[in-house]
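In the numbering used here, the protein residues as written are 1 to 41. All residues carry an ideal CB built from backbone N, CA and C; glycine is no exception. Single-structure report; data block below.
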């Protein structure tokens with residue numbers, strides 16, 4: 001048994017999208033912070 005988790009990061013790449021234009025802020029620090037918060041949930 002295995003689990004696979006796919007994360008399109010930052011928002012706006014791949015199949016990811018957002019209803020808020022403020023979520024499209026990019027940069028290494030912002031992307032790392034957003035990914036960290038996602039993984040903690």
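Can you tell me where the alpha helix (DSSP H) with residue 94 in it begins and where it stops?
-> The structure shown does not extend to residue 94, since the chain spans only 1 to 41, so no value can be given for it.
In chain order, what residues of the same chain lie with their CB nearer than 8 Å to the CB of residue 31, ignoring the 5 residues before and after it?
-> Within the same chain, residue 31 has close Cβ partners 9 and 10.
Give the secondary structure of residue 6 by DSSP, where H, G and I count as helix, E and B as strand, and everything else as coil.
-> coil
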